[in-house]
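The structure appears below as structure tokens.
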């Protein structure tokens, strides 16, 4: 028996045990949001049934328990990405908020007219728009690392783009539209050689392989709970302690202050300085449960399962007449993006849906990379630890059906 | 309730597929005096409509752009349906089509819809209503002389 038993894993996800449109559900849209194992659902229910109270301010037992659960979740996240210190873990709503936080605090403080922010052509909108906004606010310029026809970054262009004007490099670890895994360790090394900090968007990576922020060496790492089998509305900004401590506050309100008078405000220490208002307690508890679940399976075993399934899926899709994969990077994970002859992805998505197969169709909130490949949209099947070869086979059968409908 | 497969046949009727593959009036109208652009942010589809109005009558109409089978077929059928119609007649037809794709064939006088009735299957696919109505929203913007881009969101 293999170390990773996908059939047993599937039993942990109650949502997968259902029929839709009269057929067994085939869920291939985990890059949009992943399904939740029973352990995560139970953790949230347990928190509400036993421990719910506000954190950091109550003197009573429930508040103590809730604080312990919330701060315990921070420690669980720290371990998961191998951060040095739990103070380097800021809870936010998701990847998007994490990136906006860095843009509006670190960015507003350190970026000015004539400066440059460097991103890549394969970013999704959450790692484009906050930087575009920052540039508009400060008079800085947005520069872009190009992508080649495989969907890999043109690394030869990087050295010339990292200049004395560059104030930050923001790059995705894994492209949500192409599946490309970027060499972020190498990019960070290049940027740091010129004293430039690096933010890594990890929304699509943390579920597929082990992530070690110290090994990567990046300054910031952002990811979302809901894409890693945890709840929505919770996410993480990892920031190196010295970076976070040098940053002004983000939003104002309870818990981000030590004292307030009408004349003077003393801000709290990190990470609380960046966590205004009552935090998403059940979200943090659920996220910690998701991390424990991933660790119980083993990130290396998950990575191996993903690798094997990607190889199988790539080969299976290439057998479909008229299908063209969009994004054929040598290092790819989790995402099979494609177009089918001149059949629009939306039509592909609708017909697959009637077969009980959930995929994403559209531009995946990554319009610049769609423009690069000269397609308005793609059909995207995204894989997760609960997907099987049978799911891929069902997709291929569905695609033959699409071709039949369109004659 | 119909099965999934029957729904699909209703959605992708032959006329729909045929218009999608060979859309009519897929061109910029020569001497157009009205135009508008529309886009569907959900899927990135973009479409432009050009019109030649003589007084209150739509003498010529064309569309261009990219989209799914439903949006192309709807645009193609629309150009045929509103040509030589008055602005008021075109707008009334839009109301009918909108009711058809959102509420289903039972809710409208299908006779009055002519060929547009082949879009009746869309009502079983709420996610596709915007595809079917994009060209119509864009046409209406052109009629009203609005030059800002129309969005289905």
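Chains as they are written, first to last, in the UniProt record's numbering: chain A, 1 to 407; chain B, 1 to 153.
For each residue, glycine too, the CB sits at the ideal point set by N, CA and C.
The structure presented is a predicted model; accordingly, all values stated were derived computationally and were not measured.
Taking only beta-carbon atoms, is residue 125 of chain B less than 8 angstroms away from chain A? Indexing the second chain from 1 puts residue 125 of chain B at position 125. At least one chain A Cβ lies under 8 angstroms of residue 125 of chain B.
Are the C-beta atoms of residue 368 of chain A and some chain B residue less than 8 angstroms apart? As a position in the first chain, residue 368 of chain A is number 368, starting the count at 1. Chain B contact via Cβ: absent.
Looking at the structure shown, is residue 3 of chain A part of a helix, part of a strand, or coil, going by DSSP? Here residue 3 of chain A corresponds to residue number 3 of the first chain, with the count starting at 1. Three-state result, residue 3 of chain A: coil.
Hey, could you find the ends of the beta strand (DSSP E) residue 92 of chain A is sitting in? Taking the first chain and counting its residues from 1, the one referred to as residue 92 of chain A is at position 92. Segment 89-92, the beta strand (DSSP E) holding residue 92 of chain A.
Any chain B beta carbon closer than 8 angstroms to residue 326 of chain A: Taking the first residue of the first chain as position 1, residue 326 of chain A is located at position 326. It does not: the Cβ of residue 326 of chain A has no partner Cβ on chain B nearer than 8 angstroms.
Which ranges would you report for the beta strand (DSSP E) in the region 242-310 of chain A if only whole runs of at least 3 residues count? 257-260, 265-267
Please confirm whether residue 149 of chain B has its beta-carbon closer than 8 angstroms to some beta-carbon of chain A. Sequence index remark: in the second chain, residue 149 of chain B carries index 149 (1-based). No, no contact with chain A.
Taking the alpha-carbon positions, what's the residue 2 of chain B to residue 105 of chain B distance? Within the second chain, residue 2 of chain B is the residue found at index 2, counting from 1. Within the second chain, residue 105 of chain B is the residue found at index 105, counting from 1. Confidence in residue 2 of chain B is poor, its pLDDT being 44 and thus under 50, which makes the residue's placement unreliable; the coordinate value appears in the next sentence. Their Cα atoms are separated by approximately 15 angstroms.
Is residue 365 of chain A helix, strand or coil by DSSP? Taking the first residue of the first chain as 1, we reach residue 365 of chain A at position 365. Residue 365 of chain A: coil per DSSP, three-state reduction.
Are the region 297-306 of chain A and the region 109-121 of chain A touching, with three or more C-beta to C-beta distances below 8 angstroms? Judged by Cβ distances under 8 angstroms, the region 297-306 of chain A makes no contact with the region 109-121 of chain A, as fewer than three pairs qualify.
Which first and last residues belong to the alpha helix (DSSP H) in which residue 70 of chain B is found? One-based indexing of the second chain puts residue 70 of chain B at position 70. Its alpha helix (DSSP H) spans residues 69-82.
Residues near residue 232 of chain A by beta carbon distance below 6 angstroms, same chain, minus five either side: For the purposes of this step, residue 232 of chain A is identified with residue 232 of the first chain, where counting begins at 1. Counting only Cβ-Cβ distances below 6 angstroms, and skipping sequence neighbours, we find 226.
Does any C-beta atom of chain B lie closer than 8 angstroms to the C-beta of residue 362 of chain A? The residue you call residue 362 of chain A lines up with position 362 of the first chain. So yes, residue 362 of chain A belongs to the interface.
Spatial distance of residue 111 of chain A from residue 12 of chain B (CA atoms): Along the first chain, read from residue 1 onward, the residue named residue 111 of chain A stands at position 111. Along the second chain, read from residue 1 onward, the residue named residue 12 of chain B stands at position 12. Computed Cα separation, rounded: 53 angstroms.
Counting pairs of beta carbons, one from the region 67-79 of chain B and one from the region 124-139 of chain B, are three or more of them closer than 8 angstroms? yes
Using CA atoms only, rank isn't needed, just tell me which of A:52, A:107, A:32, A:361 is closest to residue 248 of chain A. In the first chain, the residue the question calls residue 248 of chain A occupies position 248. Each of A:52, A:107, A:32, A:361 was checked against the Cα of residue 248 of chain A, and the nearest Cα belongs to A:107.
Give the residues of chain A in contact with residue 134 of chain B, contact being defined as C-beta atoms less than 8 angstroms apart. On the second chain, position 134 is the one that residue 134 of chain B refers to. Simply none; closest approach about 11 angstroms.
In the DSSP assignment, what are the bridge partners of residue 238 of chain A? For the purposes of this step, residue 238 of chain A is taken as the residue at position 238 of the first chain. BP columns for residue 238 of chain A point to A:89, A:221.
Determine, for residue 44 of chain B, whether the minimum Cβ-Cβ distance to residues of chain A falls below 8 angstroms. Indexing the second chain from 1 puts residue 44 of chain B at position 44. Interface residue, yes.
From residue 37 of chain A to residue 6 of chain A, what distance separates their C-alpha atoms? Residue numbering aside, residue 37 of chain A sits at position 37 when the first chain is read from its first letter. Residue numbering aside, residue 6 of chain A sits at position 6 when the first chain is read from its first letter. Taking the straight line from one Cα to the other gives about 13 angstroms.
Starting from the beta carbon of residue 158 of chain B, find every residue of chain A whose beta carbon is closer than 7 angstroms, and list them in chain order. The first residue shown for chain B is 1 and the last is 153, placing residue 158 of chain B beyond what the model contains.
For a contact defined as C-beta to C-beta under 7 angstroms, what are the partners of residue 69 of chain B on chain A? For this step, residue 69 of chain B is matched to residue 69 along the second chain. Those are 344, 347, listed as they occur along chain A.
Would you mind telling me which residues of chain B sit closer than 7 angstroms to residue 351 of chain A, beta carbon to beta carbon, in chain order? Position 351 of the first chain, counted from the first residue, corresponds to residue 351 of chain A. In chain order: 8.
Please determine if the region 157-169 of chain A and the region 70-90 of chain A are in contact, where contact requires at least 3 C-beta pairs separated by less than 8 angstroms. no
Distance between residue 34 of chain A and residue 288 of chain A (C-alpha atoms, nearest Å): For this step, residue 288 of chain A is matched to residue 288 along the first chain. For this step, residue 34 of chain A is matched to residue 34 along the first chain. Rounded to whole angstroms, residue 288 of chain A to residue 34 of chain A spans 15 angstroms at the Cα level.
Under 8 angstroms, Cβ to Cβ, is there at least one residue of chain A near residue 47 of chain B? Position 47 of the second chain, counted from the start, is the residue given in the question as residue 47 of chain B. For residue 47 of chain B, the answer is no, since every Cβ of chain A falls outside 8 angstroms of its Cβ.
Mind listing the chain A neighbours of residue 128 of chain B? Cutoff is C-beta to C-beta under 8 angstroms, in chain order. Your numbering for residue 128 of chain B matches position 128 in the second chain. The answer, in chain order, is 346, 350.
If you count every other CB in all the chains shown that lies within 10 Å of the CB of residue 342 of chain A, and 16 or more means buried, which is it? In the first chain, residue 342 of chain A corresponds to position 342, counting from 1. By the neighbour-count rule (16 or more Cβ atoms within 10 Å), residue 342 of chain A is not buried but exposed.
Per DSSP, which residues does residue 38 of chain B bridge with? Please list them. Walking along the second chain from the start, residue 38 of chain B turns up at place 38. Per DSSP, B:47, B:150.
Helix, strand or coil for residue 30 of chain B? Go by DSSP, reduced to three states. For the purposes of this step, residue 30 of chain B is identified with residue 30 of the second chain, where counting begins at 1. Of the three classes helix, strand and coil, the one that applies to residue 30 of chain B here is coil, per DSSP.
Counting only Cβ pairs nearer than 9 angstroms, list the residues of chain A close to residue 17 of chain B. For the purposes of this step, residue 17 of chain B is taken as the residue at position 17 of the second chain. Going along chain A in sequence order, the residues near residue 17 of chain B (Cβ under 9 angstroms) are 405, 406, 407.
As a quick exercise: from A:281, A:256, A:290, A:284, pick the residue whose alpha carbon is nearest that of residue 275 of chain A. Looking up residue 275 of chain A in the first chain gives position 275. Here the closest residue by C-alpha is A:256.
List the DSSP bridge partners of residue 63 of chain B. If you number the second chain from 1, residue 63 of chain B lands on position 63. DSSP output for residue 63 of chain B lists B:49 as bridge partner(s).
Any chance the region 320-338 of chain A sits against the region 366-386 of chain A, with 3 or more Cβ pairs inside 8 angstroms? Using a C-beta cut-off of 8 angstroms, the region 320-338 of chain A makes contact with the region 366-386 of chain A, since at least three inter-stretch Cβ pairs fall below that distance.
Hey, residue 10 of chain B and residue 121 of chain B are a contact pair by Cβ (cut 8 angstroms); roughly how many whole angstroms apart? Counted from its first residue, the second chain places residue 10 of chain B at position 10. Counted from its first residue, the second chain places residue 121 of chain B at position 121. Confirmed, about 3 angstroms.
Is the Cβ-Cβ distance between residue 370 of chain A and residue 333 of chain A less than 8 angstroms? Taking the first residue of the first chain as 1, we reach residue 370 of chain A at position 370. Taking the first residue of the first chain as 1, we reach residue 333 of chain A at position 333. No, the pair does not count as a contact, with Cβ atoms beyond the cut-off.
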